[in-house]
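To start, the structure itself, in structure tokens.
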Amino acid sequence: MNILGKIAFLLLLGGIWCQNNRNAKASGKSTKKSGGNQGGDVSQSPPVNDRTPESTENTGNTRGTGSSRGTGGTAEAGREGAAGARAAAQQTDEMRLHFLKNTQVTCNDGTAAGFYLKEFRGSRRWLLFLEGGWCCHSKETCDSRYQNIPRLMSSSGWPQTKRGTGILSSQAEENPHWHNANIVFIPYCSSDVWSGTGPAPTPPPRLRQGREKERERTTNSTEYTFMGSLIIREVIKDLIPKGIKLAKVVMLSGTSAGGTGVLLNIERVASQLEQLGAEAQVRGLVDSGWFLESKQQRSPNCPETISCSPEDAIKIGLRLWNGVVPDRCQQLYKKGEEWQCFFGHKLYSTLTSPLFVVQWLFDEEQLRVENIYMGGQSLSAEQWQYIQNLGRELKNSLTDVTAVFAPSCLSHTLITKSNWMSFQVRGTSLPRSLQCWDRSLEATRNNRTPAKGCPYHLVDTCQSPQCNPTCPALVDQATQQELTLLQMLVAMGLDLQKLGLDPQGDAASLASVGSNGG
């Protein structure tokens, strides 16, 4: 071979080597970016804000497929990329927004309803969470709600990702027993305590651009849509491709109105999954959704006012929402009395799914219904008496509940607080008692005897508000300073001596009762 021939041959070899090297690098980058087709929706790049609801659902797969074509990457490289993407996804608390595929099931204002999902690949446990936020039951209350808290009636301002806390966290330090579950956060945008099955508005409101235009309402109250129960149904349908049919346990959980939503929907969810062929045990976790009826006398013209008792609000709302209650509870009450099924102590005995109730014995929202605001400006002796009675009544209402965690504290909601592990009843934390309940249910399913010494019926024995030493601190609303209960009562105008309380002695007795009973 002459000199020129040798040079040409070497150049050709060099070109082939360079091209192969470039392909290998491109393949590595592509598999990292796409996570391979197996990575699906675990891509870490946040969705772009201008995506339509329909396209958002498939962004992970579309990006993965498009970037892996023509890379020349090997199957091994694709698998490594997918594993890397899954590992990265499981190290973050980020839940990604998905809009419902069924665009006929919407929020109050006709915008798309949806859910946030944090997958944990390979897990057969699912935690579905219903957000709280009370309700609206008339044109006046709904207009006010839409003006002041639009995110509870519209999805237009929802962020693309959400970070879980408490039982929604995927960090083992914060959430020791549920961090490795598939976590689904369902935002509340139906204002119907998750009971509504109302039809879509006719004509449907246009999806207006800009927050201010969205808040403009006509005088026609039928513009609002109430579809809370249908939203839950559609979320489960959309989770089928994600593997919920293979679930071993599905925990339907919620706080406040979301907790009441669990009571109202758990039987329906269990039936839906059974019809899909799933063998999952559906369980309920109700946090601060176990309300008692109001003691206050209200104005008879409640439908025209914003201030209604919870019972009146639900009575009126049920008609507006086309609300549904569990069948077995509905059979207990005549037509027009279905509102009673919104109260856990009346509904509980009719439910067949396992239920765990988390309830502060001095729930601040229960007090707010009676116009009592701890840390506010004033408190009468009669209101203080109501507070004390509330603790006893709530405690009595929980007597027959199999699984319960009820600290003697003034607060509202618990399971999504980042410090939820710090609260205890009789020396046992809520995560620990949930684990005990979980083990007991598994033992029963497998015909084994549940372990002893692992409690999950935990109700404080001490009687006074804040007598449990692990209670959240009380805060003065005006100064934002932390106060003891007695300091707060004095700040709210109570004469402790007139009530027969010795400021010094009572503080000591509260501490003593708390350490013994709490």
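Residue numbering for the sequence shown follows my numbering, starting at 2 and increasing by one per position.
C-beta atoms are modelled at their ideal positions from N, C-alpha and C, and glycine is treated no differently.
Let me know the secondary structure DSSP gives residue i once reduced to three states.
i, result
"Pro268", "Strictly speaking, residue 268 in this sequence is Glu, with Pro absent from that position. Helix, per DSSP."
"Cys330", "helix"
"His458", "strand"
"Gly255", "strand"
"Glu81", "Here Glu81 scores only 42 on pLDDT, less than 50, and its place in the model should not be relied on; the value that follows carries that caveat. In the structure shown, Glu81 sits in a helix (DSSP, three-state: H, G or I)."
"Arg122", "coil"
"Gly392", "helix"
"Val525", "Because the chain here runs from 2 to 519, residue 525 falls outside it and cannot be looked at."
"Phe343", "helix"
"Leu368", "helix"
"Thr162", "strand"
"Val250", "strand"
"Val1", "One cannot answer for residue 1 here, as it falls past the ends of the chain, which runs 2 to 519."
"Phe10", "Here the model assigns Phe10 a pLDDT of 46, short of 50, so the residue's position is not dependable, and the following value carries that caveat. Helix at Phe10."
"Thr107", "strand"
"Leu502", "coil"
"Asn469", "coil"
"Gly260", "helix"
"Asn420", "coil"
"Ile245", "helix"
"Lys34", "Since pLDDT at Lys34 reaches only 34, below the 50 mark, its modelled position is unreliable, and no value is offered."
"Thr198", "coil"
"Leu348", "helix"
"Gln172", "coil"
"Glu294", "coil"
"Tyr374", "coil"
Can you tell me the Cβ-Cβ gap for residue i and residue j, rounded? I've got them flagged as a contact below 8 Å.
i, j, result
"Val359", "Phe292", "Incorrect: roughly 13 Å between the Cβ atoms, too far for contact."
"Thr198", "Met228", "7 Å"
"Ser430", "Pro456", "Going by Cβ atoms, the distance from Ser430 to Pro456 rounds to 11 Å, so no, they are not a contact pair."
"Leu459", "Arg427", "6 Å"
"Ser289", "Glu366", "7 Å"
"Leu128", "Met252", "5 Å"
"Gly259", "Trp195", "7 Å"
"Phe363", "Pro466", "5 Å"
Could you give the first and the last residue of the continuous alpha helix (DSSP H) run that contains residue i?
i, result
"Thr445", "Leu431 to Arg446"
"Arg234", "Gly229 to Leu240"
"Asp144", "Lys140 to Asn149"
"Lys453", "Here Lys453 belongs to no alpha helix (DSSP H), and DSSP marks it neither H nor E."
"Ile315", "Pro311 to Trp322"
Is the beta carbon of residue i within less than 7 Å of some heavy atom of the ligand ATP?
i, result
"Thr104", "Ligands are entirely absent from the displayed structure, and the ligand ATP is therefore not among its contents."
Between residue i and the rest of its own chain, which residues show a CB-CB distance below 7 Å, the 5 nearest in sequence each way excluded?
i, result
"Leu153", "Gly134, Arg146, Tyr189, Cys190 and Ser192"
"Trp340", "Glu312, Ile315, Lys316 and Leu319"
"Gly501", "none"
"Gln297", "Ser310 and Glu371"
"Val106", "Ala114, Met228, Leu231, Ile232 and Glu235"
"Trp322", "Asp193, Ser196, Gly197, Gly199 and Phe227"
"Ser295", "Ser310, Pro311, Glu312, Val370 and Glu371"
"Lys347", "Gln341"
"Gln273", "Arg234 and Ile237"
"Lys163", "Met96, Tyr117 and Phe186"
Just reading off the beta strand (DSSP E) that residue i is part of, what are its end residues?
i, result
"His99", "Glu95 to Phe100"
"Trp127", "Arg126 to Leu131"
"Ala404", "Ala404 to Ala407"
"Val287", "Gln282 to Asp288"
Apart from the five residues on each side of it in sequence, which residues of its chain come closer than 8 Å, Cβ to Cβ, to residue i?
i, result
"Leu442", "Gln282, Arg284 and Pro355"
"Pro451", "Arg440, Ser441, Ala444 and Thr445"
"Tyr334", "Gln341 and Cys342"
"Pro160", "Leu98"
"Asp328", "Glu268"
Bridge partners for residue i per DSSP, in chain order?
i, result
"Gly115", "Phe100"
"Leu475", "Leu484"
"Val277", "The question names Val, yet the displayed sequence has Leu at residue 277. None, per the DSSP bridge assignment."
"Asn183", "Trp127"
"Cys136", "Asp193"
"Leu411", "Phe363"
"Val325", "None, per the DSSP bridge assignment."
"Phe357", "Leu286 and Ala404"
Using a Cβ-Cβ cutoff of less than 6 Å, which residues in the same chain neighbour residue i once the five nearest sequence positions on both sides are dropped?
i, result
"Ala479", "none"
"Asn181", "Phe121 and Ser124"
"Val185", "Phe116, Leu118 and Leu129"
"Ser254", "Phe130 and Leu286"
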